[in-house]
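The sequence shown begins at 248 in my numbering and counts up by one. Using N, Cα and C, we set each Cβ at its ideal position, and we do this for glycine too.
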Amino acid sequence: MTWVDNQCPNDGQYAILSHTSGCFGYTWLDIQQDHTGNQAGYFMCINASYQPSDFYVQTVNGLCGGTSYQFAAWILNLAAHPGQILPNVTFHIEKTDGTELATYGTGDIKQSNTPVWNQYAFYFNTPPGISTVVLRMTNNAPGGIGNDLCLDDITFRTAGSSVQLNAAGFPSDSITVCDYAQQVMNFNALVESCYPSQQEQWQESTDSGASWSDISGATTNTYTRSTTAPGVYLYRLLAAQTGNIGISTCEVASKPIMVDVIRKPSPVVSITASLPTICQNLPITFTAAPIDGGGQPVYQWLVNGQPAGTDSTGFTTVALQNGDAVKCVMTSDAACVLNPMAVSNTLALPVVAVPVQGVSIQASATSICQDSLVQFVAVPSNGGSAPALQWQVNGVDTGSGGPVFSSAGLKNGDVVNCIMTGSLTCSQPVNADQPVAMTVYPLPEVRLDSAVVIGGGTRVRLTPVVSADVVRWDWNPAMGLDDALAADPWASPVSTTLYQVTVTTAEGCHASAAEWVEVYYPLQMPGAFTPNGDGRNDVFRVPPAFPVTILSFSVYNRQGAQVFYTTNVAEGWDGRFNGAVQPSGVYVWELVFVNPLTKKVEGRKGTVVLVR
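Here's what the structure looks like:
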C-alpha cells in the first residue's frame, strides 16, 4: 500500500483523512466524522489493491505470557451503492517467525447507504514465554469496483479481569468533601476471577491521572483512605496475573474513584473607586474584588449603612455627599464555607465642586485665500497649570495638542474648535466658547503661452486667460509694454524678455503666469575670430542672441575640406581639426536653420577669417 495526500486514493493507495466527499463520481460514501462522531478526528481510508494483501502490520513488545488481550478495529464499508465487491478482512496474531497464534475473520462487511462504523474484535491468550507478537490485518477480497474501506482506532490491549470500585457510604465514584469534615473512607473492589493466580495493587494520582503511584501495602480488594490535605485525588485498582503487576501491557485497571478535598474558604471582599475624589453631580464607580466568593456570590452595597446599588460587583452613583461612607457586604456561596459573609473596607471620599472653565480661540484670520496659512491660539480660562488641549476641524481631531494650531489646508465652511480638559481636580472637557468658521476664497487661475517670437522692431499682444473675476493686473517688467496695468498689453521689447503677470481678485487672492517674448533679428555672423585662448572671441559660432534651431552648421577650408560640423546651436569652431591647429586664413561657413518667424528652413553662407 502506498500513502498519498489525496482525499480519494486510487487502487493500492491509502490516505489519512478527516472526511471524504464526492469520490469517484460519488460511488464512495461521504464520510464526515470518525467512529466517535468527532468531525475533526482522523481515520485511514483504503482503496484496496487488485490482489488480496496486508494493509496493516505491527509488532507489539513487552507482553506477558498467560495474559488475555483484545485485538480490535473499527471498519466502515465505503461503497455507496449495492452490487460492489464487499471488503473481507482477517485479523492475524503471529510469532515473530511467522507462526500463527490466532486469527479472526470479519466475513463480508455489508454495504450501507449511509456511513456505518462497526467494531470487529477478538480475544487472545498469550502462550507462556511469549512477550512479542506480530499483528496483521489482511484484505481477502480482490480489488476493482468496491472492496474499499476505512479503518479507525486499531487497538491491542490487555483484556483481563473486570474491576469495579465503590466507596462505602457514597453513591457515586466522584466524591466531594470539606477538609474540616473529612472521614476515613473505605473503598471496595469487585474483581472478576480471570487469572489462575491473581495479584492486585491500589494506586493514587494527584495530577488528574497523568501519573500514578503505588500505595504501599494496598494489595487486596479493599483500601481504607485516611484524611489528606486539600486537593483532588484519584484512586484505582490494578489486577494482573501474579508476577505481572507493574507491567503496563499485562495488567488491567479499574475506572478511578475521584475524591475532591476542598479547603475551608475564607471569604474576603475589598472595594476601590474609579476616582480619588468625588466630583459633585458626576458619576463615580466603586468596584468589589472578591476572594473565595464562590460561583455566584451576593453583593449588598451600603451608603452610610443603608442599602444602595444592585447585586453586582460594581456600584455607580451621582448622589454622594461630602463625608458619605461606602462599603460592600458579600455573601459567598463557595463550597465548604462556614462564615459566608464578608464586609469590605469603607471609602469616604471628599466631594469636590466641578470648576467653571472655558477656552476661547484667537485666529490670525477668518477669511483667507485658498492654501493660506492660518494660526489659531487657544486661550484657557481657569484651566489650571497644565490644561490638555485637543484641536478639531469639523469635529475630527487634528493637530499636536498644544496651545497653537496652524493649517494651510482649510476649506470654505470648515469649523475649527478646541476642547480643553483642565488640570484642576474634577475638570471636565469643554468646547471653545466660539468655534471659528472659516471663509476660504478660491485662488484665480491664469495661463499664458510659454513663448512667442517676434521680429525686431515689431510688437505682440499678451493675452492671458483667467478663470475668475480679476480686479487688478500687474505686469513685470514694464519695459517694452504699452500699459503694465492692462489686462492684455502690447509688448515690443528690443531683446528677448520674460514677462510675468500677477492677477488679483476682489478678495485679494493672487495668481501668476509668465511668457517669453523672443526677439528675432536677421542673422549676422562674425567676420573673424582669434582662437588664442585669451577668453575673447576664441570660438566661431552662431551668436547666442540669435534664437533659432539649427539643422547643420559647417566650416570648410580653402581646399573645400570640412573642418567643423554640428547641429547644436550652442557649439562653435575653436580653430582645430582632429585636434590639429588650423592655419590663419579665410574659411567658408554654411548654416541651415529654421526661421522662428516663418517656421521654414533657410540657409546662409559666408566667410570668416581665422586670425592667429
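For C756, does the three-state DSSP call read helix, strand or coil? The answer is coil: DSSP assigns C756 none of H, G, I, E or B.
Count the other C-beta atoms from every protein chain shown that fall within 10 angstroms of the C-beta of G819, then say buried if there are 16 or more, exposed otherwise. The residue is buried, with at least 16 neighbouring Cβ atoms inside 10 Å.
8 Å contact criterion, which A535 and V516 should meet: CB distance rounded: About 5 Å separates the Cβ atoms of A535 and V516, confirming a contact at the 8 Å cut-off.
Determine the DSSP secondary structure at T496, reduced to helix, strand or coil. T496 sits in a helix when the DSSP states are folded into three classes.
On the CB-based measure, 16 or more other CB atoms within 10 Å of its CB, does Q488 come out buried or exposed? Answer is buried; the Cβ neighbour count reaches 16.
Quick one: grab the DSSP three-state call for A428. Helix.
Give the DSSP-derived three-state secondary structure of E447 in the structure shown. When DSSP states are grouped into helix, strand and coil, E447 belongs to the strand group.
Pairing CB atoms from the segment 698-707 with CB atoms from the segment 669-676, are three or more of them under 8 Å? Contact fails: fewer than three Cβ-Cβ distances are below 8 Å.
May I have a chain-ordered list of the beta strand (DSSP E) segments no shorter than 3 residues that lie completely inside the segment 785-848? With a minimum length of 3 residues, the continuous beta strand (DSSP E) runs that stay inside the segment 785-848 are 796-803, 809-813 and 832-841.
Does the Cβ-Cβ distance between A388 and N335 come in under 8 Å? The Cβ atoms of A388 and N335 sit closer than 8 Å to each other.
Tell me whether D281 is buried or exposed, calling it buried when 16 or more other Cβ atoms sit within 10 Å of its Cβ. So D281 counts as buried.
Just the C-alpha distance for S460 and Y427, rounded to the nearest angstrom, thanks. Cα to Cα, S460 sits roughly 26 Å from Y427.
Between I608 and Q681, is the Cβ-Cβ spacing less than 8 Å? Going by C-beta atoms, I608 is nearer than 8 Å to Q681.
Exposed or buried, what is W364 when buried is set at 16 or more other beta-carbons lying within 10 Å of its beta-carbon? Under this definition W364 is a buried residue.
Say the cut is 7 Å; is the CB of Q568 nearer than that to a heavy atom of the ligand COA? With respect to small molecules bound, the structure shown includes none, and the ligand COA cannot be examined in it.
For M772, report the span of its beta strand (DSSP E) as first-last. For M772, there is no enclosing beta strand (DSSP E), since its DSSP letter is neither H nor E.
Hey, could you find the ends of the beta strand (DSSP E) N592 is sitting in? Run containing N592: none; DSSP gives neither H nor E here.
Rounded separation between F403 and D277 - CA only: For F403 and D277, the distance between alpha carbons rounds to 28 Å.
Would you mind giving the Cβ-Cβ distance between N468 and N433, rounded to the nearest angstrom? I have them listed as a contact below 8 Å. About 11 Å separates the CB atoms of N468 and N433; that is not less than 8 Å, and the two are not in contact.
Quick check on the burial criterion: 16 or more other C-beta atoms within 10 angstroms. Buried or exposed for H339? Taking a 10 Å sphere around the C-beta of H339, we find 16 or more other C-beta atoms and assign the residue as buried.
When the distance is taken between beta carbons, is L485 closer than 8 Å to E447? With contacts defined by Cβ atoms closer than 8 Å, E447 and L485 form a contacting pair.
Can we say the segment 404-413 touches the segment 492-507, given the rule of at least three CB pairs closer than 8 Å? Touching, yes.
Look up P724 in the DSSP assignment and say whether it is helix, strand or coil. Looking at P724 - three-state DSSP - the assignment turns out to be coil, as it is neither helix nor strand.
Around the C-beta of P711, are 16 or more other C-beta atoms found within 10 angstroms, so that it is buried, or is it exposed? Buried.
Tell me the rounded alpha-carbon separation between V621 and F652. Here the C-alpha atom of V621 lies approximately 8 Å from the C-alpha atom of F652.
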